[in-house]
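Residue numbers (the working numbering): 137 to 398.
Note that the Cβ used here is the ideal one computed from N, Cα and C, for glycine as well.
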């Protein structure tokens, strides 16, 4: 099945024609217009020659990755489901390629991380494995009920901690598989910038990749839920993200009308 067209794609032949005409006429422009024109040419050069090739290779890889990691989404005969997978993969690919290009450019120009006060927190969350937050039972012991015994509390704590450990293991496994899928492509298209990174630079790289993973995995989880609820059988006439916003709004309104009952 053909992929959903990318509405944001810049045609390379049109770009090359525009670039040729610009540099042919540039000598006649005033300096302020030259400055603006050069910026525009640099922008289009980055999108067409660097970001787009990486993006489409990443998209192809992530479409296959999605069907491996979420086998419940690998269902034949559901065209809208295929469109949604294409769009989720394209969004993650565009985020990765465009954001990594900008981050490497900022590093090369000596610019600090855009939120320096959050840098350590972002490194811990996006670059490191998810660490289970284990319970010790204190939240259960605040109850005044004499029917709650220490034995019951320990059983609940064990169940909670087992669930938390399993969740973190699942997230870490999915993240490792995501990185293994995208990293060879990123190294291929951004090798020059990556070869120059120091420790902080690699952390900034890790934040970009980790953030893309979080957005991608949220979309995949939502899509799996829509499929399970039977919401993807008929094409709604919306792309995935507009459909997700509409569905989320409807579900929140239904929840309010029910008085908070699911």
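**Per-residue DSSP class, three states only, for residue 313** = DSSP, read as helix, strand or coil, puts residue 313 in helix.
**Message:** Looking at residue 140: is its Cβ nearer than 8 Å to the Cβ of residue 222?
**Reply:** Residue 140 is a Cβ neighbour of residue 222, given a cutoff of 8 Å.
**Item:** Cβ contact (3+ pairs, closer than 8 Å) linking the segment 343-363 and the segment 213-228
**Value:** Judged by Cβ distances under 8 Å, the segment 343-363 makes contact with the segment 213-228, as three or more pairs qualify.
**Prompt:** If you pair each beta-carbon of the segment 331-339 with each one of the segment 301-317, do three or more pairs fall below 8 Å?
**Reply:** The answer is no - the segment 301-317 does not touch the segment 331-339, with fewer than three Cβ pairs under 8 Å.
**Message:** Strictly under 8 Å for the Cβ-Cβ distance: is residue 277 near chain D by that measure?
**Reply:** Of the protein chains in this structure there is only one, and it is not chain D.
**Prompt:** Buried or exposed: which applies to residue 191, given that a residue is buried once 16 or more other Cβ atoms fall within 10 Å of its Cβ?
**Reply:** Result: buried.
**Prompt:** Alpha carbon to alpha carbon, what distance is there between residue 227 and residue 387?
**Reply:** The C-alpha of residue 227 is placed about 24 Å away from the C-alpha of residue 387.
**Asked** Span of the alpha helix (DSSP H) holding residue 360?
**Response** Residue 360: member of the alpha helix (DSSP H) spanning 335-364, first to last residue.
**Prompt:** Apart from the five residues just before and just after residue 483, which ones in its own chain have a Cβ nearer than 8 Å to its Cβ?
**Reply:** For the chain, the structure presents residues 137 to 398; residue 483 sits outside this window and is missing.
**Asked** Do the segment 207-216 and the segment 359-379 make contact, defined as three or more Cβ pairs closer than 8 Å?
**Response** Between the segment 207-216 and the segment 359-379, the count of Cβ pairs shorter than 8 Å is three or higher; the stretches touch.
**Request:** Go ahead and label residue 381 buried or exposed: buried means 16 or more other beta carbons lie within 10 angstroms of its beta carbon, across all protein chains shown.
**Result:** With fewer than 16 Cβ atoms within 10 Å of its Cβ, residue 381 is classed as exposed.
**Prompt:** Would you call the CB atoms of residue 209 and residue 360 closer than 8 Å?
**Reply:** Closer than 8 Å, so yes.
**Asked** Are the Cβ atoms of residue 169 and residue 233 separated by less than 8 Å?
**Response** Contact flag unset, no.
**Prompt:** Do three or more CB pairs link the segment 234-247 to the segment 196-207 at distances below 8 Å?
**Reply:** The segment 234-247 vs the segment 196-207: no contact.
**Request:** Give me the Cβ distance between residue 376 and residue 224, rounded to the nearest whole Å; I'm assuming they're in contact under 8 Å.
**Result:** The Cβ separation is near 6 Å, so the contact holds.
**Request:** Could you tell me which of 284, 364, 272 and 261 sits nearest to residue 343, measuring between CA atoms?
**Result:** The candidate whose alpha carbon is nearest that of residue 343 is 261.
**Buried/exposed call for residue 188, threshold 16 Cβ in 10 Å** = Under this definition residue 188 is a buried residue.
**Asked** Taking only runs of the alpha helix (DSSP H) that begin and end inside the segment 217-265, which ones reach a length of at least 4 residues, in chain order?
**Response** Entirely contained in the segment 217-265, the alpha helix (DSSP H) runs reaching 4 residues are, in chain order, 255-258.
**Item:** Buried versus exposed, by CB contacts within 10 Å (16 or more), residue 179
**Value:** By the neighbour-count rule (16 or more Cβ atoms within 10 Å), residue 179 is not buried but exposed.
**C-alpha gap between residue 247 and residue 322, whole angstroms** = Their Cα atoms are separated by approximately 21 Å.
**Among 160, 255 and 152, the one whose alpha carbon lies nearest that of residue 183** = The shortest Cα separation from residue 183 among 160, 255 and 152 belongs to 152.
**Presumed contact (8 Å Cβ cut-off) between residue 276 and residue 284, rounded CB distance** = The Cβ separation is near 7 Å, so the contact holds.
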